[in-house]
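Residue numbers (the numbering used here), protein chains in the order written: chain A, 13 to 354; chain B, 13 to 354; chain C, 13 to 354.
Accompanying notes for the structure given below.
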């Protein structure tokens, strides 16, 4: 059971309610009266819990599981322990996610404008907005209805935030337009001046950074990640994209919809990611590139050229993943040959 | 036009004023009466805008540009569209930077010590200093004239900050001396104890970190970057050096003047960078090295040995860039040969 | 001498006191009356200072050193300059660390609950706790005796912190249990929701992250580092482990005791590090791996498979370090051969 100091379960739910929430089929003649109190992993679940099997590596745990109810793919229905009711789904992990969201809906603080929040008189704050202690909201900023702004957040002059967006403690935003239902985690830095300068006889001369950051709807930005504003054009992130902790996005970068940028990855200035691109952990993209739709860049890879749609890349500098692993096999053969010689 | 919610143009300026600012030559018989209102990219500029051509990839956009005035290299003067006045410069990007800085000088908040700023009575605050809400200034700290300190910044005991320095929201400084006209962006962490410890029978034993961080004049430090204080000697960054977002500088590191450290790069303890070194994104330098003047380390490279002045390095572990690309060609040939065999 | 604006030496100490503190042997017939005022590097130390020799590269500096007292390995006793007293130790750096900690014990702010700290009435604050200005402590949180919580720290609802733990400015904690005597530096982000979601027809669907972060005793977490809470199981860090600046720890990761994670390294979800593992700077571990006890992962390496206990790994993808350097030698031979041909 999740630690009740941090999580409170909604519910209970009947199997019929859960089947609807999960978009799953009930097994034949389930116990319709029974109420389920919580979700739990296979090995911990008890009679009043719902569990799920997604990864077949856990089949043994599933066969020994004590859960009263389990979400599984129909192909594993027959291997269920006796007495366990089932919810059958072709996508058990998604079904579990829906149910878990029902048991644990995102907790919302009550909407209070704390007396220590400092809101410029020209700012517009929507209905049911929570401004936690020591929040700053600048001149002409607009915060949409139902937003949750945590302690010590700084919303700069003119910044616009859509409805239902949440911002974690200590984050700071300037020169940006943020969509609805975004999640900006603790310590994110959005809208700082890009790294734009030119070499002058007297040293570096800063080039004014006159663009903005524009985030679509439902964008997630991880803790301590940084997104610089554009130099002239905007830096943009399309709706539904997920950015993990400590990611860096340079000026003028355009990120499409439903992209995933895993922790500590980085994108240099003016590079464009089409929709559904995945950039794995610690990977980097050089500047002024185009990464085609659905391309996937492996962890720690470094991309120096445009990547066609759908291509998987690996290595630094990155090459198509098939090439990389052929090369890697060559190296391994060399090592073996050497080993025999030596 | 830059979004007026975030940027307000100064001006207008006549061509003669702009030529002076840009350190550029006017084209023959320009319209001296006309006033220019703004800067704009080639494709967006209108009759009252100034634009610029630097990268020849944009020559077509230049030839079709509607700007009233454009900064170009003299070699492209003849290709200007009819009716466009020109400012001729051998370094058009620098000329543009000067003009753009005239239209968009760094905005300065009015100098107000906000009533919620907590300033130790022994601290010294210069003239025309802005301390935004919830700033903390510790005992015996000194903040020079004309500084702009954003919300929630913490200036630790004894810290000294030169004139005209700006610090972004949520940054924290301790055990450091900061020069004049520095830009420390949101969330920077300067002066934390270095990662110094030794293995003792009972576990790790911390070694006191008794040095400082010393930043020269005009140093820029990007959002959420971290610079640890020295263990005994100081950690130093020379005047005019530019450090990007999420960069890590270890204890005792010495960075020369006019160095550039791009986002997510890192320097391990006691390494010394001479002047004008460039460390590209996600690159790393091992500890106790010397990187010679003007050396350039490519993105994601990992340097394990001293680098001579002027050398360009690539790879992890890094080698001279020419060697790396020769090696890389070998690999590509191996792949082709294999491809034929298979 | 360390800058007195930031550091105040305790002491003075006699050689007998220092020998006890250092767990070292005094040289024959030392000056027992003399008092030592400070520690200093070999090249700076004067007659009333104590210095140390650990790295034999500095033997020349040792032979020319003016320190009144020096910690050295017995093998170098004979090379000491005339008139210098010695403390003999088989582990001079540890001995120095002990002495330096005596001269410079961690400075503790006086324990004051600042009037601007906002503490929920249901929170429990131990004795002698310092809550600096603008600290937030949430509902039912517990902070053990003797903790030092710096300005603008946010301690979330239900968070538990052991005795004697220090937290730097601007850090934020949620959904976590923190041990005793931990050092969490400025800007750390602990307990944010992990990067857990699944692809649904309408886009990404967040999976509730129902675990916690559990830190053992004496854990250090560097500036701006991030540790996500578990998805169901907890994310855990064992006692005595050291995590450097800008490190990322994903959900469900288990880190053993006395591990070292150097700056900008990262660990993906559900990976387990046994005790005494070292992850060097900018290295990364893929998800769902086991890294055996005492394994060492070199800087910038990327580990994609389980690593046996004691193994040293290098490269991306990582291989046993001996293999990597054999391969690297092959490449260098190829380059030489090519050079001769060309």
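Even for Gly, the Cβ is constructed at its ideal location relative to N, Cα and C.
Residue range 27-34 is occupied by the alpha helix (DSSP H) that includes residue 32 of chain B. About 5 Å separates the beta carbons of residue 283 of chain C and residue 301 of chain C, which is inside the 8 Å limit, making them a contact pair.
In the structure shown, the three-state DSSP call for residue 70 of chain C is helix. Residues of the same chain with a CB within less than 8 Å of the CB of residue 170 of chain A, apart from the 5 flanking positions on each side, are 150, 151, 152, 153 and 187 in chain order. Taking 8 Å as the CB threshold, residue 251 of chain A stays off the interface with chain B. Within the same chain, 222 and 223 come within 7 Å of residue 244 of chain A by CB-CB distance, once the 5 residues on both sides are set aside. Residue 236 of chain B counts as buried, since no fewer than 16 other beta carbons sit within 10 angstroms of its beta carbon. The C-beta separation of residue 21 of chain A from residue 66 of chain A comes to about 21 Å, leaving the pair out of contact by the 8 Å criterion. Per the coordinates, the alpha-carbon of residue 260 of chain A lies some 43 Å from the alpha-carbon of residue 57 of chain C. About 5 Å separates the CB atoms of residue 137 of chain B and residue 155 of chain B; that is less than 8 Å, so the two are in contact.
Taking CB atoms only, residue 61 of chain C has no neighbour in chain B less than 8 Å away.
Contact between residue 109 of chain B and residue 210 of chain A holds, with the beta-carbon distance rounding to 5 Å and staying under 8 Å.
With the criterion set as a beta carbon lying under 7 Å from some beta carbon of chain B, the members of the stretch 14-31 of chain C are 14, 15, 17, 18 and 19, in sequence order.
Residue 63 of chain A: not part of any alpha helix (DSSP H); member of the beta strand (DSSP E) spanning 61-64, first to last residue.
For a Cβ distance threshold of 7 Å, residue set 130 and 148 of chain A lies close to residue 145 of chain B, ordered along the chain. Of all residues in the stretch 156-169 of chain B, those with a C-beta nearer than 7 Å to a C-beta of chain C are 164 and 166, reading in chain order. Contact between residue 251 of chain A and residue 229 of chain A holds: their C-beta atoms lie close to 4 Å from each other, under 8 Å.
Within the DSSP secondary-structure output, residue 136 of chain B pairs in a beta bridge with B:154. Under the rule that a run must span 4 or more residues, the alpha helix (DSSP H) segments found entirely inside the stretch 68-137 of chain B read 71-75 and 104-115. Below the 9 Å Cβ cutoff, chain C contributes 230, 232, 252, 253, 254, 270 and 272 as neighbours of residue 216 of chain B, in chain order.
Counting only the Cα atoms, residue 212 of chain C lies some 9 Å from residue 103 of chain A. Of all alpha-carbon atoms in C:214, C:217, C:256 and C:139, the one lying nearest the alpha-carbon of residue 195 of chain C is that of C:256. Excluding five sequence positions before and after residue 145 of chain C, the CB atoms of its chain that fall closer than 6 Å to its own CB belong to 126, 128 and 163, given in chain order.
Chain-ordered, the chain C residues with CB closer than 7 Å to the CB of residue 181 of chain A read 166 and 184. Contact note: residue 328 of chain A reaches chain C through 328, using a C-beta cutoff of 8 Å and chain order. Annotation for residue 326 of chain C: the continuous beta strand (DSSP E) segment containing it runs 324-326.
The beta carbons of residue 309 of chain A and residue 295 of chain A sit closer together than 8 Å.
Among the residues facing chain B, residue 306 of chain C is not included, as its CB has no counterpart in that chain under 8 Å away. Under the Cβ distance rule, residue 219 of chain A counts among the residues neighbouring chain B, one pair being separated by less than 8 Å.
Sequence-distant partners of residue 327 of chain B (beyond 5 residues in either direction) whose C-beta falls short of 7 Å from its own C-beta, in its chain, are 313 and 336. Between the alpha carbons of residue 329 of chain B and residue 315 of chain B lies a distance of about 6 Å.
Under the three-state reduction of DSSP, residue 254 of chain B is assigned to strand.
Of the residues A:216, A:52, A:346 and A:265, the one whose Cα lies closest to the Cα of residue 271 of chain B is A:216. With its beta carbon at least 8 Å from every one in chain C, residue 102 of chain A lies outside the interface. For the set B:81, B:69, B:15 and B:59, the Cα lying nearest the Cα of residue 27 of chain B is the one of B:81. In this structure, residue 277 of chain C places its C-beta atom within 8 Å of the C-beta atom of residue 293 of chain C.
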